[in-house]
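> Starting off with a structure, shown below.
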Amino acid sequence: MLDSYEVVGLGEVGLDGTKGDPELQRRTLDEAITLLKARPHLVLVLHCRPGPRESIMSAYYELFYRCKGILSPAQRIHLHCFNGSLEDVSLWLGYFANTYFGYSLMVARRDFSEGSKMALRRIDGERLLLESDAPYFPAAGEELSSPSFIGVTAREVAKIRGCRWRDILKQTAENAPQLYWA
Numbered sequence: 002m003l004d005s006y007e008v009v010g011l012g013e014v015g016l017d018g019t020k021g022d023p024e025l026q027r028r029t030l031d032e033a034i035t036l037l038k039a040r041p042h043l044v045l046v047l048h049c050r051p052g053p054r055e056s057i058m059s060a061y062y063e064l065f066y067r068c069k070g071i072l073s074p075a076q077r078i079h080l081h082c083f084n085g086s087l088e089d090v091s092l093w094l095g096y097f098a099n100t101y102f103g104y105s106l107m108v109a110r111r112d113f114s115e116g117s118k119m120a121l122r123r124i125d126g127e128r129l130l131l132e133s134d135a136p137y138f139p140a141a142g143e144e145l146s147s148p149s150f151i152g153v154t155a156r157e158v159a160k161i162r163g164c165r166w167r168d169i170l171k172q173t174a175e176n177a178p179q180l181y182w183a
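Residue numbers for the sequence shown, in our numbering: 2 to 183.
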């Protein structure tokens, strides 16, 4: 199935320390990335959420080293709902040059750290993606998120980056096809 011309990626897979069996997640992740070992043209969409006693940095490190041990440096990667630091960005781009960083309305939450904001400010615009992550991370006053709120996400990202939200929408609208269909 992965060799079908209609398939552009695999995911979302990864590690979530807040639920599920961690060993099962690791095995599933390893199996998924092994499937892409000879397919760096396909996008690997990765999820990373630390557990209650784990830092976001250690979670991204584990995810990175699991991928690095199997995948080509040419692998296309979409780090979904990214909330890592500038060090995490450097780690991923330093080995996987085709890494993109997805941002949702998580950026508007109080617990979106200063380190994560710094990373968002400094990531090259050509590596940014916007996400709704529906139904999670709803806009203020809403119960659920939906793709219709992507403009709100662009506005929140633009506030942090100190630019116009329309520029964020334009750039990310160019980036997604570059990652998934180029």
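Quick reminder that beta carbons are idealized off the backbone N, C-alpha and C, glycines included.
(1) Mind checking whether F113 and N84 have CB atoms under 8 Å apart?
(2) Skipping 5 residues on each side, what residues in its chain have a beta carbon closer than 8 Å to that of L170?
(3) Measure the alpha-carbon distance for V14 versus A33 and round it to whole angstroms.
(4) I need the straight-line Cα distance from Y104 to F97, nearest angstrom please.
(5) Taking all protein chains shown into account, do 16 or more other C-beta atoms lie within 10 angstroms of the C-beta of T100, making it buried, or fewer, making it exposed?
(6) Identify, in the order they occur along the chain, each residue of the same chain with its Cβ nearer than 8 Å to the Cβ of R122, setting aside the five sequence neighbours on each side.
(7) On the DSSP letters alone, give me the boundaries of the beta strand (DSSP E) that F102 sits inside.
(8) In this structure, does DSSP put R165 in helix, strand or coil?
(9) State yes or no: is the C-beta of H81 within less than 8 Å of the C-beta of H48?
(10) Ordered along the chain, which non-local residues of its own chain (more than five positions away) have a Cβ less than 8 Å from that of S146?
(11) V44 lies in the beta strand (DSSP E); which residues open and close that run?
(12) For E1, which residues from the same chain have a beta carbon less than 8 Å from its beta carbon, with the 5 sequence-adjacent residues on both sides left out?
(13) E175 by DSSP, collapsed to three states: which one?
The structure says:
(1) Yes.
(2) L131, I151, G152, A155
(3) In a straight line, the C-alpha of V14 is about 7 Å away from that of A33.
(4) 19 Å
(5) buried
(6) I161, R162, G163
(7) 100 to 104
(8) The answer is coil: DSSP assigns R165 none of H, G, I, E or B.
(9) By the CB criterion at 8 Å, H81 and H48 fall inside the cutoff.
(10) Excluding residues up to 5 positions away in sequence, S105, L106, S133, D134, A135, P136, Y137, F138, P139, A140 lie with their Cβ nearer than 8 Å to the Cβ of S146 in the same chain.
(11) 44 to 50 is the span of the beta strand (DSSP E), which, as asked, contains V44.
(12) As displayed, the chain neither begins before 2 nor continues past 183, which places residue 1 out of reach and without an answer.
(13) helix
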